[in-house]
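See structure below.
Residue numbers (the working numbering): 84 to 147.
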């Protein structure tokens with residue numbers, strides 16, 4: 084065990100939970116009105132503003 088930092092495990096678990104929450108909700112753009120929508124897995128693909136069903140997945144920025 085690491086004797087240097089007793090809270091290391093708790094911080095690592097909190098960080099992992101944050102990453103999972105960020106991945107769970109994806110941002111989509113409506114093809115009709117251009118509104119930003121945050122959609123969870125298994126949630127119907129539908130614009131919250133206009134009801135249009137064609138959505139574009141927003142690109143992510145890759146870190147270097």
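Using N, Cα and C, we set each Cβ at its ideal position, and we do this for glycine too.
Residue 135 carries a coil assignment under DSSP once its states are collapsed to helix, strand and coil. Shortest Cα-Cα distance from residue 113 to any of 136, 96, 98 and 124 involves 136. In the displayed model, residue 96 falls within a helix according to three-state DSSP. In this structure residue 120 does not touch residue 133 by the C-beta definition: roughly 10 angstroms separates them, more than the 8 angstroms allowed.
Going by C-alpha positions, residue 143 is about 29 angstroms away from residue 91.
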